[in-house]
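K.L.:
Sequential numbering from 4 applies to the sequence shown in our numbering.
C-beta: ideal position from N, C-alpha, C; glycine also.
Once you've had a glance at the structure underneath, I'll fire off some questions.
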Amino acid sequence: MSALLPLKNKKIILGITGSIAAYKACVLCRLLIKNGADVQVVMTPSACKLVGRDTLAALSGHPVPCDIFEDAGKIGHIAISKDADIAVVAPATAQTIAKLAHGFADNMLTAGLLAATCPIAIAPAMNVNMFRNQATQENLRILSRRGYYVMRPASGSLACGDTGEGRMPEPEDIMGFILSILNGSHAQRIGFEGRGALPSPKSPAELGQTRLLPRASGAGLKVIVTAGPTAEAIDPVRFITNRSSGRMGYAIAQAARERGASVVLISGPTALEAPEGVTRINVRSALDMLQAVEDNLAGCSVFIGCAAVSDYRCETIADQKISGREKGQTMTLKLVKNPDIAATVGKLEHGRPFTVGFAAETINGEEHAKAKLEEKNLDMIAMNYVNSTTQGFGSGSNELFVYDRDGLAAHLPLQSKQALAGELCDMIFTKAADGEKA
Ligand code: PMT
4 MSALLPLKNK KIILGITGSI AAYKACVLCR LLIKNGADVQ VVMTPSACKL VGRDTLAALS
64 GHPVPCDIFE DAGKIGHIAI SKDADIAVVA PATAQTIAKL AHGFADNMLT AGLLAATCPI
124 AIAPAMNVNM FRNQATQENL RILSRRGYYV MRPASGSLAC GDTGEGRMPE PEDIMGFILS
184 ILNGSHAQRI GFEGRGALPS PKSPAELGQT RLLPRASGAG LKVIVTAGPT AEAIDPVRFI
244 TNRSSGRMGY AIAQAARERG ASVVLISGPT ALEAPEGVTR INVRSALDML QAVEDNLAGC
304 SVFIGCAAVS DYRCETIADQ KISGREKGQT MTLKLVKNPD IAATVGKLEH GRPFTVGFAA
364 ETINGEEHAK AKLEEKNLDM IAMNYVNSTT QGFGSGSNEL FVYDRDGLAA HLPLQSKQAL
424 AGELCDMIFT KAADGEKA
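See below:
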């Protein structure tokens, strides 16, 4: 398992610019510190109008520079990035992105980053049309060519009322992205090519070459992915569930789609938006999920069971809300076993797809994963430890140990769930194609 504080001894510059998403930077700052980082916040003058400098100073434990002249003599812009392991601008507005692309140094953040020699990550946040505008796209391309690590903004409803790409990625996802860069794993980019000029642990292009396998094609494949938790009703208002956010499964659905597959995402209740081009079917219980999987199995080439399916459901669901007044100090719920969805697919006699499961473990991961592979008749299983805040349930990053019938097929180190999903899909599609040829 990875160290409990994956950012221990890392100095991170957190640049905050004037987007309404600036409030989320407070959460990001706390998350980075909680995971061991020493965070130096730098804000633009616009950001200071949206969130308090004092708040960020209190959270980070350091004064927060903003204006070059105001702060002259206290913290020099050259000194800011000295000894930093990485700088991340989150949120990054179109304005700051444009300034960075063209070498402006008109505030503490832009000046500090111009002098920086560490890797720099950018988490854009803006209106969808501003993001799509050719000027912004060209500026992002310039930055990417120079070695900046550009995150894809999230899609959904934006503060301005529009819907589309432009939301700042969630703090957990940004932390996963940072870990990917620091660990030298594959970093998700918007799709721009080119080598970075900045010294970095590995430039984006080099990171591309450290991939386990070349990017595999999913063209012509129908892929079913299950994701998120299930919710097993107790009465009309109560249910049994777990802490799965759906992030890992949604990232897999997106990676499979980006590789050309046609993707059906069968999802328990989550707060996530469906990735573009993916067909999502919403379900609540394990029985609903099984039904949706069976309804979509025709023509399916790959099944990936990433959902945290409840092993048990209530034997009976109360028609009316169970009243606390009528119950004593204890109450017993009788639970019955749910069908195993992954095993149902793995044991199909006809039209069986290449079947991949997940194993969520807290101890003896290898032994448990191998047993699940065997019992459910899977082709592959991705085991993750789920007893740390940086991996497993709810986090933006994860670490996977992938087993197949021959044993350990790959160890995919701690990195963003998006990057991991890409690696995993490459392995699965390559294996599935090998199986077809054999
Ligand atoms: O959603 P996130 O917050 O991103 O978190 C991701 C995750 C931790 C949920 C994910 O990476 C993960 O580990 N998913 C599997 C969780 C789980 O239920 O593991 P398990 O070891 O209990 O089950 C083993 C396999 O059997 C899984 O593929 C599961 O989908 C499947 N299963 C289990 C029970 C059941 N009744 N039907 C099933 O299909």
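Excluding the 5 residues flanking Asn130 on each side, which residues of the same chain have their C-beta closer than 7 Å to its C-beta?
P.N.:
The residue given as residue 130 occupies position 127 in the sequence shown. Closer than 7 Å at the Cβ level, and outside the excluded window around Asn130, lie Leu161, Cys163, Asp165, Gly169.
K.L.:
With a 10 Å radius around its C-beta and 16 neighbouring C-beta atoms as the bar for buried, classify Asp298 as buried or exposed.
P.N.:
For the purposes of this step, residue 298 is taken as the residue at position 295 of the sequence shown. Exposed, because fewer than 16 other Cβ atoms sit within 10 Å of the Cβ of Asp298.
K.L.:
What residue from Cys303, Tyr151, Leu31 has the CA that sits closest to Thr120's CA?
P.N.:
Here residue 120 is taken as the residue at index 117 of the sequence shown, counted from 1. Here the closest residue by C-alpha is Tyr151.
K.L.:
Comparing C-alpha positions only, which one of Lys434, Thr347, Gly395 sits nearest to Ser419?
P.N.:
Taking the first residue of the sequence shown as 1, we reach residue 419 at position 416. Nearest option by C-alpha distance: Gly395.
K.L.:
Straight-line CA distance for Lys52 to Gly271?
P.N.:
By one-based count along the sequence shown, residue 52 stands at place 49. By one-based count along the sequence shown, residue 271 stands at place 268. In this model, Lys52 and Gly271 are separated by some 39 Å (Cα to Cα).
K.L.:
Just the Cα atoms here: how many angstroms apart are Ala424 and Ala138?
P.N.:
Residue 424 sits at position 421 when you count from the first residue of the sequence shown. Residue 138 sits at position 135 when you count from the first residue of the sequence shown. Taking the straight line joining both Cα atoms gives about 30 Å.
K.L.:
What does a CB cutoff of less than 6 Å around Val281 pick up in its chain, not counting 5 residues either side in sequence?
P.N.:
Your numbering for residue 281 matches position 278 in the sequence shown. So the qualifying residues of the chain are Ala256, Arg260, Val266, Leu268.
K.L.:
Helix, strand or coil, according to DSSP, for Met171 in the structure here?
P.N.:
Residue 171 sits at position 168 when you count from the first residue of the sequence shown. In this structure, Met171 counts as coil in the three-state DSSP scheme.
K.L.:
Kindly indicate the opening and closing residues of the alpha helix (DSSP H) around Pro48.
P.N.:
Taking the first residue of the sequence shown as 1, we reach residue 48 at position 45. That run of the alpha helix (DSSP H) goes 48-53.
K.L.:
Hey, is Arg250 close to the ligand PMT, as in C-beta under 7 Å from one of its heavy atoms?
P.N.:
For the purposes of this step, residue 250 is taken as the residue at position 247 of the sequence shown. Answer for Arg250: yes, Cβ within range of the ligand PMT.
K.L.:
If you drop the 5 nearest sequence neighbours on each side, which residues of the same chain put their C-beta closer than 6 Å to that of Ala108?
P.N.:
Along the sequence shown, one-based indexing puts residue 108 at 105. So the qualifying residues of the chain are Ala114, Leu117.
K.L.:
Between which residues of its own chain and Val240 is the CB-CB distance below 7 Å, once the five residues before and five after are set aside?
P.N.:
The residue you call residue 240 lines up with position 237 of the sequence shown. The answer, listed in chain order, is Lys324.
K.L.:
In whole angstroms, what separates the C-alpha of Glu378 from that of Arg149?
P.N.:
Stepping through the sequence shown from its first residue, residue 378 is reached at position 375. Stepping through the sequence shown from its first residue, residue 149 is reached at position 146. Going by the C-alpha atoms only, they are around 49 Å apart.
K.L.:
If Phe357 and Asp322 are in contact, beta carbons under 8 Å, what's the gap, nearest whole angstrom?
P.N.:
Here residue 357 refers to the residue found at position 354 when the sequence shown is read from its first residue. Here residue 322 refers to the residue found at position 319 when the sequence shown is read from its first residue. About 42 Å separates the Cβ atoms of Phe357 and Asp322, ruling out a contact at the 8 Å cut-off.
K.L.:
Could you say which of Asn245, Leu415, Ser400 lies nearest to Ala385 if we only look at CA atoms?
P.N.:
The residue labelled residue 385 in the question sits at position 382 within the sequence shown. Nearest option by C-alpha distance: Leu415.
K.L.:
Which whole-angstrom value describes the C-beta separation of Leu10 and Ala40, a residue pair presumed to lie in contact below a C-beta threshold of 8 Å?
P.N.:
For the purposes of this step, residue 10 is taken as residue 7 along the sequence shown, with counting starting at 1. For the purposes of this step, residue 40 is taken as residue 37 along the sequence shown, with counting starting at 1. Contact flag correct, Cβ pair sits at about 4 Å.
K.L.:
Looking at C-alpha atoms only, which residue of Thr244, Arg316, Gly331, Asn380 is the closest neighbour of Phe306?
P.N.:
Counted from its first residue, the sequence shown places residue 306 at position 303. Selected option, being the one with the closest Cα: Asn380.
K.L.:
Inspect the CB distances between the segment 363-376 and the segment 219-239 and report whether three or more fall short of 8 Å.
P.N.:
no
K.L.:
Ordered along the chain, which non-local residues of its own chain (more than five positions away) have a Cβ less than 6 Å from that of Ala24?
P.N.:
The sequence position of residue 24 within the sequence shown is 21, counting from 1. Taken in chain order, the residues that qualify are Pro94, Ala128, Met171.
K.L.:
If you follow the beta strand (DSSP E) that Val286 is part of, which residue opens it and which one closes it?
P.N.:
Counting from 1 along the sequence shown, the entry for residue 286 is found at position 283. From DSSP, Val286 is part of no beta strand (DSSP E); its letter is neither H nor E.
K.L.:
Within its chain, find whatever has a CB closer than 6 Å to the CB of Val405; leave out the 5 residues flanking it on each side and keep chain order.
P.N.:
On the sequence shown, position 402 is the one that residue 405 refers to. Only Ala385, Ala412, Ala413 meet the Cβ criterion.
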